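If you read the sequences in order, they're chains A and B.
With the working numbering, letter number 49 in the first sequence gets 49, and the count goes up by one each step, no holes.
Positions in the second sequence are counted from 1; adding 1000 to them yields the working numbering.
What follows is one structure encoded as structure tokens, with my remarks underneath.
Protein chains: 2
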Amino acid sequence: MTTTYAVSLVDVRTAAGILAGHAHRTPVITCASLDARAGAALFFKGEHLQKVGAFKFRGAFHAVSRLTDDVAARGVVTHSSGNHAQALALAALMRGVPAHVVMPSNAAAPKRRAVEGYGARVIECEPTLAARESTAARVLEETGATFIPPYDHPHIIAGQGTAALELLEAYPDLDAIIAPVGGGGLLAGTAITATSLRPSIRVYGAEPKGADDAARSFASGTLVPQTGPRTIADGLLTSLGEKTWPIIRDHCEDILTVSEEEILVAMRLAWERAKLLIEPSSAVAVAAAMSGRFSGSGDRIGVILSGGNVDLDRLPWVVTGA
Amino acid sequence: MTTTYAVSLVDVRTAAGILAGHAHRTPVITCASLDARAGAALFFKGEHLQKVGAFKFRGAFHAVSRLTDDVAARGVVTHSSGNHAQALALAALMRGVPAHVVMPSNAAAPKRRAVEGYGARVIECEPTLAARESTAARVLEETGATFIPPYDHPHIIAGQGTAALELLEAYPDLDAIIAPVGGGGLLAGTAITATSLRPSIRVYGAEPKGADDAARSFASGTLVPQTGPRTIADGLLTSLGEKTWPIIRDHCEDILTVSEEEILVAMRLAWERAKLLIEPSSAVAVAAAMSGRFSGSGDRIGVILSGGNVDLDRLPWVVTGA
């Protein structure tokens, strides 16, 4: 019996063709100082330098591009306080169609400014999942627009997989790849792409201990939803999806969990030593690379830096006067 | 009558050959948001991602490499509180020879830690130029080491020129290049390289109004020393040198000066919108690109981001509780 997954390498290559000339082919950056700490050679795929400052642009642009003209013209909708909202707003702007973004009233001001800066209409709601979903449903009904989810969608997963495709085109001989995992769009896209291109590669998810649904799902072999996440890595709070989970279950080597302290140490090192302006969710993957798991292995490890959207006035290591 | 300059394109190509495999070939990064503000297409050469976090590694590694074995074995010396010190320390470490770095007692702690982290011996002195020079002279006498100056040296200038060489190899059709100017090593190397490869290109220096010796020298046609600089761009406090000045005088289009406020605005934009973790000296070049000089010109402008060594606990836009 063959399991059918939501996405194959062919879909990722299709997405790459659609993204060419529209998304940045982000650089791969190395840093001897971080290598020495990890005991391995790390190859950082710099998606913080992607449009909107996050890999999310890949999936969103791909998904919006795949809509037919008449469907696209009615616009797109999502509910998100994070990078997917910015990504969808820009993708819609580039296609010339409306974007409606439902955001919780407690969303960080720079995130709201960025979404509005890309021309999207922001609809505020109470900061609960129920309010987000009901508000989004109302907007869908009013506009006839298409809902574009943040991760559990074949076009989103295929788009996110293009980061690993580029990384392996540049460095085909990697022994392993680490990607942060929240809803699993990036990790699923990475896992399908990397294991299809290079069957011997080991793909790891990296997750905060305080939001470890993927690790618990992986250990138990059953999709475990996330409840009550507590972590600074605000891009990794969500549960795995029905489409991302089977891919991750069958194509990943393991899910590595890291503590909040490890996340902050890794983020500070990445900023101070490697000049990588990454957000905490990216630092989760860096922390996993430096967790001791690879120490002395001499492995060549790709690390996908998912984004760089942080509030510069509230950096975690600064005691602000405010 | 022909003026002979300290450096030619041949020297820069020689330096590039020596640096290959030892220095990073840093990425060129673009950002639609900054382009929109500049009214031009900006191509950022990311030397903040260079080893030691600054272009200075290019010149230092080149200069140390050019020493004969017996001379190199006696070590190298410099006096610097900045990126050149880290660069020379790492270059010496890579060659396996001693580095002695004279640093003022008020140098920022992270800079001293970084220099020591590269295995150099730090010799503290009073924070005056006289004390730095006399202490360096004493160390030279004691050790028989070679003094490697931060900018006014042919091997340093040629090494710094390799950043522009890489930029123009990647983007041969640039209309202009902007580089920050302090002592002028980077700008002189950039100017020789760019005008030799592409005679129609316009090369600009970028300088803080509060340390505008290069602008005053350029306007008057005579080398004017810097006195009493007042700027946050701590890499650009020095005067032009006898070797860098004639190159800059004869190969640059102009020196653009920017205010402290423009520097801070540009630095914040570079961090927030482009995720470029650059230091204020780099932001001077970004500010010059956004100064209105190029607005609406449609020019394709290379901007050399000189480095990313900032004290993350004292970011200029954060009111710290300390």
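Glycine included, every Cβ here is placed at the ideal spot set by N, Cα and C.
Note that this is a predicted model, so its numbers are computed, not measured.
Beta-carbon neighbours of residue i, restricted to chain B and to distances below 7 Å
i: A:E49; result: Note on residue identity: the sequence assigns Leu, not Glu, to residue 49 of chain A. Result: I1029 and K1275.
Near the ligand COA: residue i beta-carbon under 6 Å from a heavy atom
i: B:P1246; result: Absent from the structure shown: the ligand COA. Ligands present: none.
Integer Cβ distance of residue i from residue j, believed to fall under 8 Å
i: A:A89; j: A:V64; result: So it is not a contact: roughly 10 Å between Cβ atoms.
i: B:V1183; j: B:D1152; result: It should be noted that the sequence gives Gly, not Val, for residue 1183 of chain B. Indeed, because the Cβ distance is near 6 Å, the residues count as touching under 8 Å.
i: A:L236; j: A:P180; result: 6 Å
i: A:L368; j: A:T162; result: Lying before the first or after the last residue shown, residue 368 of chain A is absent from chain A, which here runs from 1 to 322.
i: B:A1289; j: B:I1178; result: 6 Å
i: B:S1297; j: B:A1040; result: 6 Å
i: B:M1167; j: B:G1075; result: Residue 1167 of chain B is actually Leu in this sequence, not Met. 33 Å between Cβ atoms; not a contact.
i: A:M94; j: A:H24; result: At roughly 13 Å, the Cβ-Cβ gap does not stay under 8 Å, so A:M94 and A:H24 are not in contact.
i: B:E1156; j: B:A1191; result: Sequence check: residue 1156 of chain B is Ile here, not Glu. Wrong, their Cβ atoms sit about 14 Å apart, outside the cutoff.
i: B:A1038; j: B:S1295; result: 7 Å
Chain B contact residues for residue i, given Cβ-Cβ distances below 8 Å
i: A:E272; result: P1110 and L1312
Contact list for residue i against chain A, beta-carbon separation under 7 Å
i: B:G1053; result: K275
Same chain, Cβ closer than 6 Å to residue i, five either side skipped, listed in chain order
i: A:S33; result: R273
i: A:I278; result: H48, A270, L305 and G308
i: A:K243; result: A6 and D152
i: A:V224; result: D213, R216 and S217
i: B:A1386; result: Here chain B covers residues 1001 to 1322 and nothing more, so residue 1386 of chain B does not appear.
i: A:G159; result: A15, R58, G59 and H62
i: A:A99; result: V76, L88, A89, A92 and A120
i: B:T1238; result: G1182 and G1183
i: A:P154; result: A6 and V7
i: B:Y1118; result: A1089, L1090 and L1093
Rounded straight-line distance, which links the Cα of residue j to that of residue i
i: A:R132; j: A:P150; result: 13 Å
i: A:F147; j: B:K1045; result: 39 Å
i: A:M267; j: A:S282; result: 8 Å
i: B:K1275; j: B:T1143; result: 43 Å
i: A:R300; j: A:V102; result: 41 Å
i: B:L1264; j: B:T1068; result: 43 Å
i: B:A1130; j: B:S1291; result: 37 Å
i: A:P110; j: A:N83; result: 11 Å
i: B:A1202; j: B:T1003; result: Sequence inspection shows Arg at residue 1202 of chain B; the Ala mentioned does not correspond to that position. Those two C-alpha atoms are separated by around 20 Å.
i: A:S105; j: B:E1207; result: 43 Å
i: A:R314; j: A:T231; result: 15 Å
i: B:D1011; j: B:P1172; result: 20 Å
i: A:L42; j: B:L1256; result: 39 Å
i: A:V28; j: B:R1138; result: 44 Å
i: B:A1233; j: A:L186; result: 39 Å
i: B:V1258; j: B:L1197; result: 28 Å
i: B:E1262; j: B:V1284; result: 8 Å
i: B:A1170; j: B:A1164; result: 10 Å
i: A:D250; j: B:S1080; result: 55 Å
i: B:A1020; j: A:T30; result: 15 Å
i: B:T1026; j: B:T1195; result: 21 Å
i: B:R1293; j: B:A1287; result: 10 Å
i: B:E1141; j: A:A108; result: 59 Å
i: B:E1126; j: B:T1078; result: 15 Å
i: B:A1136; j: B:L1240; result: 20 Å
i: B:A1085; j: A:A85; result: 44 Å
i: B:T1128; j: B:S1134; result: 10 Å
i: A:A54; j: A:V310; result: 11 Å
i: B:I1018; j: A:T227; result: 55 Å
Contact set for residue i: own chain, Cβ-Cβ below 7 Å, skip 5 residues either direction
i: B:L1312; result: none
i: B:V1122; result: V1101, M1103, R1112, V1115 and E1116
i: B:W1245; result: G1184, S1217 and L1223
i: B:E1253; result: R1202, V1203 and Y1204
i: B:L1174; result: F1043, L1168, I1201, R1300, I1301 and G1302
i: B:G1210; result: P1229, R1230, T1231 and E1260
i: A:E124; result: M103 and S105
i: A:R66; result: H155
Any C-beta of chain E under 7 Å from that of residue i
i: A:Q50; result: Of the protein chains in this structure, namely A and B, none is chain E.
Sequence-distant residues of its chain with Cβ nearer than 8 Å to residue i (five each side left out)
i: A:V71; result: T146
| message | Which residues of the region 221-252 of chain A have a Cβ closer than 7 Å to any Cβ of chain B? Give them in chain order. | response | none
| said: At a CB distance below 7 Å, what residues from the region 288-312 of chain A approach chain B? Give them in sequence order. | reply: G308 and L312
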